[in-house]
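Each remark here refers to the structure printed beneath this line.
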Amino acid sequence: MVIIVETILPKLPETRTLSKIISQGDVLMMTQNLGGKERTKHELMTLVTGAGFGGIRFECFICNLWVMEFYK
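Heads up, our numbering is the position in the sequence shown plus 12, with the first residue counted as 1.
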């Protein structure tokens, strides 16, 4: 099991304040970490299953962040 705390990109572009805050955080992350990438729920699931995990449990959403459990 792996615990991840991360934002998730919405499927379609949004103009809500929450979406703007998430995008700003993602841009900051991408400027500080070479190869950083924003991901949707679908992209995360593809990445997680491709890495050999059985799936993702989206445990809670707080302060614009998801707490996720990647399980075998």
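Backbone N, C-alpha and C fix where the C-beta goes; we use that ideal spot for every residue, glycine too.
Keep in mind that this is a model prediction, so the values were computed, not measured.
Original post:
If you check the beta carbons only, do residue 76 and residue 15 fall under 8 Å apart?
Top reply: In terms of Cβ geometry, residue 76 and residue 15 do not form a close pair [threshold 8 Å].
**OP:** Run the CB neighbour count on residue 20, radius 10 Å, all protein chains shown included, and call it buried at 16 or more, exposed below.
**Re:** The residue is buried, with at least 16 neighbouring Cβ atoms inside 10 Å.
Subject >> Per DSSP, the bridge partner or partners of residue 14 >> reply: Under DSSP, residue 14 takes part in a beta bridge, and its partners are 82.
**OP:** Go through its chain and collect everything with a Cβ distance to residue 80's Cβ below 8 Å, but skip five positions before and after it.
**Re:** Closer than 8 Å at the Cβ level, and outside the excluded window around residue 80, lie 15, 16, 17, 18, 56, 68, 69, 70, 71.
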